[in-house]
């Protein structure tokens, strides 16, 4: 697999983790911890900056929030586009669609990855910037 394909697999698998985690089904609580770089930063759709610790604490605190959702909570990844892969870094964009009981949302994300041994797909998340889509 190429570096960009490793990144795509990581994007899809981590979002599968989120969907299962928020449904209360996922058992590997360390999955997120293993793939976020120590210097990770998330710029949320509203512009707030969150470091690794804040993101992990937020995700852990929301486990099972959609356990009884009808229809079930779901995340779909679309329009994956590797923008640049050079050396140990790869920049990608994708669209994330979430379906939850309160409605559907969509966001365009730009993610920077770095090669990293000991992670499920050989890459770690360094930076993630999300922007709401009005659709």
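Residue numbers (this note's numbering): 35 to 169.
Note that CB positions come from ideal geometry on N, CA and C, so glycine has one too.
Strand pairing of residue i, partner residues [DSSP]
i           : result
residue 202 : The shown model of the chain, from 35 to 169, leaves out residue 202, and the question about it has no answer.
residue 171 : Absent from the structure is residue 171, since the part of the chain shown begins at 35 and ends at 169.
residue 133 : 108, 138
residue 40  : Partner(s): none; residue 40 has no beta bridge.
Sub-8 Å separation of residue i and residue j beta-carbons
i           : j           : result
residue 166 : residue 147 : no
residue 149 : residue 164 : no
residue 90  : residue 46  : no
residue 61  : residue 154 : no
residue 133 : residue 116 : no
Close Cβ partners of residue i (< 6 Å) along its chain, the five nearest in sequence each way excluded
i          : result
residue 42 : 114
Rounded Cβ spacing between residue i and residue j (contact assumed at less than 8 Å)
i          : j          : result
residue 70 : residue 86 : 5 Å
Residues near residue i in its chain [Cβ-Cβ closer than 8 Å; skip 5 each side]
i           : result
residue 152 : 68
Segment contact flag, the region 92–103 with the region 52–62, C-beta cutoff 8 Å, min 3 pairs = Yes, they touch.
Between the region 124–144 and the region 37–52, do at least 3 Cβ pairs fall closer than 8 Å?
-> With a cut-off of 8 Å, the region 37–52 and the region 124–144 count as touching, because enough Cβ pairs lie within range.
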